[in-house]
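Chains as they are written, first to last, in the numbering used here: chain A, 9 to 174; chain B, 129 to 585.
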């Protein structure tokens with residue numbers, strides 16, 4: 009990567025991802041991801057121990073391709089999924105952004121997130137929170153998500169979660 | 129109204145008049161929930177977990193029997209114990225984690241200590257306590273759950289002593305547990321990673337849905353459509369589902385109901401080659417014979433009344449239901465697989481599980497949203513009766529059908545039909561046992577005897 013992006017550029021990228029999710033501009037959200045991206049929301053093995061091998065332990069969501077996310081976007085917008093109809097209003101917050109020095113042309117960005125959800129079906133609010141780990145690649149000057157790991161702290165799930173809740 | 133009369137007004141079970149009805153108060157009334165806790169969950173065998181979840185000396189896991197917090201603990205000699213998770217002194221929990229390993233459980237409040245068999249080994253400052261003799265004569269051990277037993281590594285317990293043996297309680301439904309346990313030469317295990325979710329609905333929404341074939345094509349329409357989209361695009365980002373081709377498969381669905389509330393639903397598998405177990409088919413035939421191996425490849429949903437279900441279809445799922453109130457339920461769910469499974473088989477099983485199950489999958493969230501919608505609809509208290517327990521009535525036969533005969537079972541009732549028949553008779557046995565247990569409990573109440581406490585003086 010020639011000329012590593014500034015922390016401002018990295019933060020702006022994460023905020024834009026959150027904004028696209030909350031505005032339900034999910035086609036543009038998908039464009040932030042590389043076609044062979046890894047998207048991972050691991051389950052917990054113990055109180056403070058995450059599943060570390062997705063092929064030997066369970067995840068909430070695990071994909072090694074954008075295709076899995078494309079399925080979910082289609083489903084959420086299809087009107088055929090009871091859980092996603094009506095869609096909730098969501099508000100993601102991303103903060104505490106730090107990144108490690110570029111290695112092999114990629115940036116490992118760590119942040120904290122929360123998502124407030126207003127469930128229009130129940131007329132109630134729910135929320136989830138945790139940490140993100142983005143691995144960003146610089147693709148023709150633009151940042152792209154090569155990997156995203158979402159660590160979900162409050163894993164007694166109220167109802168259900170989907171890509172737009174985390 | 130007299131409690132027994134009220135209870136009998138909640139279920140209509142009239143085989144001659146060809147009527148089976150469930151009153152909506154069963155799902156929404158706090159008094160009914162209290163009956164369920166005292167006379168079902170705290171009066172019969174309930175499922176706690178797997179032996180393999182506490183494999184080593186001093187391993188423990190916490191669970192619930194109705195409202196009672198309990199601990200399953202393996203002592204230093206390797207024997208399992210089940211005791212109530214409440215210090216004898218002032219009542220504090222002595223185990224706080226879902227799983228752990230402790231030689232001694234020390235109450236954090238005043239320091240009373242128990243070993244991994246639940247025996248009291250220490251009362252802090254006992255010599256200086258000036259206790260009266262009555263204290264010294266008391267048992268200070270953690271309270272043992274009266275009945276605790278395992279069947280093929282599945283652990284069950286009962287707070288009440290007046291229950292049949294576990295084997296008798298499970299009856300012929302055991303055959304379906306055997307069919308799970310026999311898939312691995314060393315049995316089955318839970319895949320690491322625990323998932324717990326809560327929904328705003330009565331626990332019996334899950335109890336019914338687990339053996340409800342009728343909801344599949346409507347509730348899971350988006351999932352079926354995604355399978356078709358993947359097939360058309362020839363993508364392989366998720367392993368092929370066993371439900372691929374379900375629309376054209378012309379599959380059969382059957383059900384069996386058993387004594388003591390247990391039920392099983394089974395069906396043809398639209399794409400059996402998609403099962404993680406598929407490469408093991410020949411060896412399963414060699415070990416268990418053609419008939420049992422073939423049944424391992426049928427879809428099977430098992431309910432062990434009141435709190436456990438196993439679904440073997442999209443993957444293999446274990447569910448434990450914990451009712452929280454009339455309108456709230458907690459589910460602990462696990463992906464299961466044979467011990468010693470190939471890495472590739474395990475990966476495939478996990479991906480298929482995540483695709484369908486989990487509160488983050490492409491199917492379970494739609495079930496959950498429906499349970500919550502039903503509970504919201506139950507606010508219409510002027511509507512007394514459900515219309516959801518009549519499908520299949522004329523197809524259900526007493527005793528064994530030819531499929532039950534093939535596997536040597538004598539269920540109370542059997543049913544077979546096309547998937548579109550959408551059988552609802554598999555729920556009936558649950559409600560019969562529900563009624564039987566609550567009635568027995570209310571009768572004991574009436575004479576002042578309690579199933580989980582001492583007989584009244």
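For glycine and all other residues, C-beta sits at the position ideal for the given N, C-alpha and C.
Small disclaimer: the values here were computed from a predicted structure and weren't measured.
{"Asked": "Suppose contacts are defined by Cβ-Cβ distances below 7 Å. Is residue 114 of chain A in contact with residue 143 of chain A by that definition?", "Found": "yes"}
{"Asked": "Please list, in chain order, the residues of the stretch 448-466 of chain B that have any C-beta partner in chain A closer than 7 Å.", "Found": "463"}
{"Asked": "Are three or more beta carbon pairs between the stretch 463-477 of chain B and the stretch 401-415 of chain B nearer than 8 Å?", "Found": "yes"}
{"Asked": "Closer than 8 Å by C-beta to residue 166 of chain A: which residues in its own chain qualify, once you throw out the five before and the five after it? Chain order, please.", "Found": "134"}
{"Asked": "Beta carbons nearer than 9 Å to chain A: which residues of the stretch 491-505 of chain B have them?", "Found": "492, 493, 494, 495, 496, 497, 498, 500, 501, 504"}
{"Asked": "Assign residue 460 of chain B to one of two classes, buried (16 or more other C-beta atoms within 10 Å of its C-beta) or exposed (fewer than that).", "Found": "buried"}
{"Asked": "Going by beta-carbon coordinates alone, are residue 291 of chain B and residue 275 of chain B separated by less than 7 Å?", "Found": "yes"}
{"Asked": "Can you give, in chain order, each stretch of the alpha helix (DSSP H) that sits fully within the stretch 172-202 of chain B and has at least 4 residues?", "Found": "none"}
{"Asked": "With 7 Å as the limit, tell me which residues of the stretch 178-192 of chain B have their beta carbon closer than that to any beta carbon of chain A; keep them in chain order.", "Found": "none"}
{"Asked": "Applying a beta-carbon distance threshold of less than 9 Å, which residues of chain A neighbour residue 353 of chain B?", "Found": "82, 83, 86, 88"}
{"Asked": "Taking 7 Å as the CB-CB limit, is residue 321 of chain B close to chain A?", "Found": "yes"}
{"Asked": "Which runs of the alpha helix (DSSP H) spanning at least 4 residues fall entirely within the stretch 450-487 of chain B, listed in chain order?", "Found": "471-484"}
{"Asked": "Could you tell me if residue 128 of chain A is buried or exposed, where buried requires 16 or more neighbouring beta carbons within 10 angstroms of its beta carbon?", "Found": "exposed"}
{"Asked": "Closest to residue 82 of chain A by CA distance: which of B:375, B:353, B:557 is it?", "Found": "B:353"}
{"Asked": "Look at the alpha carbon of residue 511 of chain B and the alpha carbon of residue 165 of chain B, and state the distance between them as a whole number of angstroms.", "Found": "25 Å"}
{"Asked": "CA-CA distance, residue 361 of chain B and residue 409 of chain B?", "Found": "29 Å"}
{"Asked": "Do the stretch 313-327 of chain B and the stretch 537-548 of chain B make contact, defined as three or more Cβ pairs closer than 8 Å?", "Found": "no"}
{"Asked": "Starting from the N-terminal side, write out each stretch of the beta strand (DSSP E) that is 3 residues or longer and does not extend beyond the stretch 86-132 of chain A.", "Found": "97-107, 114-127"}
{"Asked": "Are the beta-carbon atoms of residue 112 of chain B and residue 284 of chain B separated by less than 7 Å?", "Found": "Lying before the first or after the last residue shown, residue 112 of chain B is absent from chain B, which here runs from 129 to 585."}
{"Asked": "State yes or no: is the beta carbon of residue 368 of chain B nearer than 7 Å to at least one beta carbon in chain A?", "Found": "no"}
{"Asked": "Under DSSP, the alpha helix (DSSP H) around residue 346 of chain B begins and ends at which residues?", "Found": "344-347"}
{"Asked": "Does the stretch 340-360 of chain B come into contact with the stretch 471-480 of chain B, if we say contact requires no fewer than three beta-carbon pairs (one atom in each stretch) closer than 8 Å?", "Found": "no"}
{"Asked": "Using a 10 Å radius around the Cβ and a threshold of 16 neighbouring Cβ atoms, would you call residue 581 of chain B buried or exposed?", "Found": "With a pLDDT of only 46 at residue 581 of chain B, under the threshold of 50, the placement of this residue in the model should not be trusted, and no figure is reported."}
{"Asked": "The beta strand (DSSP E) spanning residue 157 of chain A covers which residue range?", "Found": "150-160"}
{"Asked": "Name the DSSP beta bridge partners of residue 248 of chain B, please?", "Found": "B:242"}
{"Asked": "Excluding the 5 residues flanking residue 534 of chain B on each side, which residues of the same chain have their C-beta closer than 7 Å to its C-beta?", "Found": "419"}
{"Asked": "Just to confirm, are residue 48 of chain A and residue 70 of chain A a CB contact at a threshold of 7 Å?", "Found": "yes"}
{"Asked": "Quick one, which residues of the stretch 205-225 of chain B are near chain A if we go by CB-CB under 7 Å, in chain order?", "Found": "225"}
{"Asked": "Between the alpha carbons of residue 270 of chain B and residue 536 of chain B, how many angstroms are there, rounded?", "Found": "43 Å"}
{"Asked": "What residue does the alpha helix (DSSP H) around residue 134 of chain B start on, and which one ends it?", "Found": "131-136"}
{"Asked": "Using 7 Å as the threshold, is the C-beta distance between residue 365 of chain B and residue 173 of chain B below it?", "Found": "no"}
{"Asked": "Please list, in chain order, all residues of the same chain as residue 310 of chain B whose beta carbon is under 6 Å from its beta carbon, the five residues on each side excluded.", "Found": "416"}
{"Asked": "Assess, as a yes-or-no matter, whether the stretch 487-507 of chain B is touched by the stretch 91-101 of chain A under the definition of 3 or more beta carbon pairs within less than 8 Å.", "Found": "yes"}
{"Asked": "Taking DSSP as the reference, what is the three-state secondary structure of residue 314 of chain B?", "Found": "coil"}
{"Asked": "Below 8 Å on C-beta distance, what does residue 53 of chain A contact in chain B?", "Found": "320, 321, 322"}
{"Asked": "Would you verify that the beta carbon of residue 363 of chain B is, or is not, closer than 7 Å to some beta carbon of chain A?", "Found": "yes"}
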